[in-house]
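The next block holds one structure in the form of structure tokens; read it before the comments.
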Amino acid sequence: MTVADHHVVGEVGFAAWQSSDTFKGVDLSADVLERTRKAYEIFAGETKGDVWLAELDGKIAGWCARDGVPNYISDLWVLPDHQGRGIGKALVLDAIARIKAEGHLTATIHTHRSNAGAIRLYQRCGFVIVWRGIEYSKSMGIDLEKVHLEQFLT
1 MTVADHHVVG EVGFAAWQSS DTFKGVDLSA DVLERTRKAY EIFAGETKGD
51 VWLAELDGKI AGWCARDGVP NYISDLWVLP DHQGRGIGKA LVLDAIARIK
101 AEGHLTATIH THRSNAGAIR LYQRCGFVIV WRGIEYSKSM GIDLEKVHLE
151 QFLT
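Note that UniProt numbering numbers the sequence shown so that position 14 is 14, with each residue one more than the last.
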């Protein structure tokens, strides 16, 4: 990823986040939406972790990241028009392969409890739910109902 990609990565992440079913029917305040948009905007430039891009026709269609714990997949975002084409699955499987190659025994990923599409994808990739509960989102500034998933790497 180049510095020139940072802005596009933020746009892709925010567009994918907005398109998910997670907050359908939930009235998020303008402040929460703006905090979230800004978090995506600055993520690529500030992360100390790895970010992988998926491109179609020379344009970023999605991305995956590890930020923080080396066996934790912190982000997976695919543009709404490109969802359902296997891009997210390919990014997750690539992240798992990298985590395994580094010698980690598990891979972990978290999502919102109502993000059924993401949970299905992660389960198809071999993850199982290991925790459900409330977690504070720093980027959104609110408590969220979350699901943690884990995969043993053998």
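By construction, the Cβ of each residue, glycine as well, lies at the ideal position given by its N, Cα and C atoms.
Can you grab the Cα-Cα spacing for the pair Gln123 / His110, in whole Å? Against the sequence shown, residue 123 aligns to sequence position 123. Against the sequence shown, residue 110 aligns to sequence position 110. When rounded, the distance between both Cα atoms is 12 angstroms.
Measure how close the beta-carbons of Thr47 and Asp67 come, nearest whole angstrom, since I'm counting them as under 8 angstroms. On the sequence shown, position 47 is the one that residue 47 refers to. On the sequence shown, position 67 is the one that residue 67 refers to. Confirmed, about 5 angstroms.
Other residues of its chain near Ser137: CB distance less than 8 angstroms, five sequence neighbours each side excluded: Counting from 1 along the sequence shown, the entry for residue 137 is found at position 137. The answer, listed in chain order, is Asp143, Leu144.
Closest by CA to Arg85, which one among Ala95, Ala61, Gly13, His112? Here residue 85 is taken as the residue at index 85 of the sequence shown, counted from 1. Nearest of Ala95, Ala61, Gly13, His112 to Arg85, Cα basis: Ala61.
In angstroms, rounded to a whole number, what distance separates the CA positions of Gln151 and Val32? Within the sequence shown, numbered from 1, the residue matching residue 151 stands at position 151. Within the sequence shown, numbered from 1, the residue matching residue 32 stands at position 32. Looking at the two C-alpha atoms, the distance is approximately 32 angstroms.
Can you check which of these residues, Thr106, Ser139, Thr154, is closest to His148 by C-alpha distance? Stepping through the sequence shown from its first residue, residue 148 is reached at position 148. Checked all of Thr106, Ser139, Thr154; the closest Cα to His148 is Thr106.
Quick one: complete alpha helix (DSSP H) runs, 4+ long, within the region 28-56? 30-46
Quick one: is Trp131 buried, meaning 16 or more other Cβ sit within 10 Å of its Cβ, or exposed? Taking the sequence shown and counting its residues from 1, the one referred to as residue 131 is at position 131. Exposed, since its Cβ has fewer than 16 Cβ neighbours within 10 Å.
What's the gap between the Cα of Tyr40 and the Cα of Thr154? The sequence position of residue 40 within the sequence shown is 40, counting from 1. The sequence position of residue 154 within the sequence shown is 154, counting from 1. Between Tyr40 and Thr154, the C-alpha separation is close to 33 angstroms.
Beta carbon of Val3, beta carbon of Trp77: below 8 angstroms? As a position in the sequence shown, residue 3 is number 3, starting the count at 1. As a position in the sequence shown, residue 77 is number 77, starting the count at 1. Taking 8 angstroms as the Cβ cut-off, Val3 and Trp77 do not qualify as a contacting pair.
Sort Thr108, Gly141, Ser114, Glu135 by Cα distance to Cys125 and report the nearest one. Your numbering for residue 125 matches position 125 in the sequence shown. Among Thr108, Gly141, Ser114, Glu135, the Cα nearest to that of Cys125 is on Thr108.
In whole angstroms, what is the alpha-carbon distance linking His6 and Trp63? Taking the first residue of the sequence shown as position 1, residue 6 is located at position 6. Taking the first residue of the sequence shown as position 1, residue 63 is located at position 63. Roughly 11 angstroms between the two C-alpha positions.
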